[in-house]
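Residue 1 is where the sequence shown starts when you use our numbering, and the numbers rise one by one after that.
For glycine and all other residues, C-beta sits at the position ideal for the given N, C-alpha and C.
Remember, predicted model here, so these are calculated numbers, not experimental data.
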Amino acid sequence: MRVWRLAAQRGAAALRARVRAFGLVGTGLVTPAPDRLLIAPQDIRTTDPTVAADIYGGVFVFSGQVVEVGGRSPFEVEPPTEEWERVLHGFGWLRHLRAADTVIARQNARALVDDWIRTSGKLSPIARRPEVAARRLLSWLSQSPLILDGCDGAFYDRFLKALGREVRRLRAGIEDMPDTLPQLQARLALVAAGVSISGQERLLRIALRGLDRTLERQVLPDGGHVSRDPGAVLELLVDLLPIRQALSARAVTPSSTVMGAIDRMLPMLRFFRLGDGTFARFNGMGATPHGLLATVLSYDDARGAPPLNASHSGYQRLEAGRTVVVADVGRPPPIAASGHAHAGTLAFEMSSGRNLFIVNCGAPGQMRSDWRRACRLTAAHSTIVVEDASTAKIVTTPRLVRWVGAPIVDGPGIVEAQREEGPDGVAIVARHDGYARRFGLIAERVLLLHASGELIEGTDRLSPVGGGARPDADRFAVRFHLHPSIRASRSLGGDSVVLVAPDGEAWRFVALGTEAMLEPSVFLAGLQGPRRSEQIVLYGRARLVPEFGWRLELQAEGKPRAARRTGRGGDEGPTLV
């Protein structure tokens, strides 16, 4: 019923947006026609000027899909995937043409934008979606110096009229967008339009009020995003920081809500980082864009230590010596924001120095949609799994997926976590009821990181609730997925596994009272796609032995590595047009 209710809400919202777009209702949406651009908000995303040569040659490579248009318009070819089509119509790839900084790249960019404008009456439904229109509007505004350089008056007028249509399209649909990150990005696109285009003071006031309301709902008190996706914090800051600069350039003071959200989110980027600089792989997080992350972190003037307790986001960070542990101790996000969330409650990741040891499988890139559902299951995380069942139910029915995506519709209702710090180290005790209704069991995990950072002690426990564990359904496994770079060797006795990193650093995993099995696994969050890895697995029966103890202890330190330098980026600010 929750799924069908969500589908009905989405359907009604889409219908209202179409009605508004045709001007049948909502006469207050009329926006004055633009007459000129004042500034161009900066695009701080990383660029690759070699992409410009591919595009000029008619080769469009988006989301792992290659399309050669062969002299035709890219907007008229059959798209290989929806994701490829979204990227094409979002125009984010214009930044690569700007990075090339050649006359040919500028002419090519203008020709492609003009081609889109001339064929916009035949747009596909995907190109008309508000989230795609928002990305297109932001891209056109930020890359307007590239698009308009050397243009004639006729194109300038067509471009401004097209900007006005995109603003109206977005205003028509934004209120009925799901309360998720794309809606927040659409709010930012409207603010960018209001601050960049002359005569849009009323639009700017309305857009800023809408942005404040949405930030208050979606950015949690500790700086996390309501989706619980670490990558969502980075994606939001990538758009929000240039908008703040653009507002200041136009002598518009950003609200306390905007400034407070930025101040809370920047430290959260450091919270999610492990020793190698990557984000912990929870709730949709895949490969970490290191260059983009370094650029955004350059805006953090405080550069302080990361927070350790993110209770509103449902995460805990344990840090001692060279060892970092990040654990998921939260409930699934709200259904509307759970389209990419994972069933990984009580999972953790662990690094020592720059070496990753314990990880989750992570989310694959867009080109590997066949792995997307598998990566969200509990078994793809370093946590306890009962009867190979996930703690959360994810929508999989194709008809429903087309309407509402693949949200989590049921999961742990009660998740409790306590944090204790003392001279001997820091411990967390967390439990959830994700298996209570089906199997009569409460899952609990205790993690203790000693002050030296050289020893982690853990306990995984299943406690009966209600009628207790069913005799035919009490099998469980505690999984510890290993990073692909780790070489694992099992001891002859079977109770321990030695883990060795590429630089020679070694840790020993010891299972207390049971065997530690080594089994195949897969790491999905790498830039090069899925990679084979291994996992340590402890098997048990809840009615016989309901808990396992284990520990990870440092055996040998690795050889020191040369420090990498990262330059400061993103200091140019908005560009005058």
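- Put simply, the backbone Cα of V465 is about 18 Å away from that of A389.
- A straight-line Cα-Cα distance of about 11 Å links G150 and S144.
- Non-local beta-carbon contacts of G194 in its own chain, meaning distances under 7 Å to residues more than five positions away in sequence, involve Q200, L203, L204 and A207 in chain order.
- Out of G365, R281 and G223, the CA that lies nearest to the CA of P307 is found in G223.
- Secondary structure of G411 (DSSP, three-state): coil.
- Runs of the beta strand (DSSP E) lying entirely within the segment 303 to 335, each at least 3 residues long, are 315 to 320 and 323 to 328 in chain order.
- A direct Cα-Cα distance of roughly 49 Å separates F91 from E420.
- With respect to the 7 Å criterion, F480 and V386 are not classified as neighbours on the basis of their beta carbons.
- Scanning the segment 339 to 422 for uninterrupted beta strand (DSSP E) segments of 3 residues or longer gives 348 to 352, 355 to 359, 384 to 386, 408 to 410 and 415 to 422, listed from N- to C-terminal end.
- In the structure shown, G458 falls within a strand segment according to DSSP collapsed to helix, strand and coil.
- Contact check for R508 against E553 passes: the beta carbons are separated by less than 7 Å.
- The continuous beta strand (DSSP E) containing Y539 extends over residues R531 to R541.
- For the pair A162 and I243, the CB atoms are not nearer than the 7 Å cut-off.
- The C-beta separation of L138 from D239 comes to about 7 Å, placing the pair in contact by the 8 Å criterion.
- Per DSSP, E505 lies in no alpha helix (DSSP H) segment and is marked neither H nor E.
- In this structure, the beta-carbon distance from F271 to R322 does not fall below 7 Å.
- Taking 7 Å as the cut-off, the Cβ atoms of D474 and A542 count as close.
- H432: member of the beta strand (DSSP E) spanning G425 to H432, first to last residue.
- Secondary-structure assignment with DSSP links Q65 through a beta bridge to F62.
- For P520, the beta-bridge partners assigned by DSSP are E534.
- At the C-beta level, N360 and R445 stay beyond 7 Å of one another.
- Annotation for Q555: the continuous beta strand (DSSP E) segment containing it runs E547 to A556.
- Residues A343 and S390 of the same chain have their beta carbon placed closer than 7 Å to that of L377, with the five preceding and five following residues left out of the count.
- By the neighbour-count definition (other C-beta atoms within 10 Å, threshold 16), P412 is a buried residue.
- Around the beta carbon of G173, 16 or more other beta carbons lie within 10 angstroms, which makes this residue buried.
- When DSSP states are grouped into helix, strand and coil, L37 belongs to the strand group.
- Cβ neighbours of F279 within its own chain (closer than 7 Å, five residues either side excluded): P230, G231, F272, R273, M285 and T288.
- In its chain, beyond the 5 residues on either side, V67 and P74 have a beta carbon closer than 6 Å to the beta carbon of F60.
- Beta-bridge partners of I442 (DSSP): S463.
- Close CB contacts of G405 within its chain, under the 7 Å cut and outside five residues either way in sequence, are with G339 (chain order).
- Contact between D54 and A99 is ruled out by a C-beta separation of about 13 Å, above the 8 Å threshold.
- The DSSP-derived three-state label of S196 is helix.
- Listed in chain order, the non-local C-beta contacts of L141 below 7 Å within the same chain comprise A40, P41, A192, A193 and S196, local neighbours out to five positions each way being set aside.
- When the alpha-carbon of A417 is set against those of V69, R438 and A310, the nearest one is in A310.
- In the assembly as shown, G494 is an exposed residue. Its beta-carbon has fewer than 16 other beta-carbons within 10 Å.
- In the DSSP secondary-structure assignment, H450 is bridged to G425.
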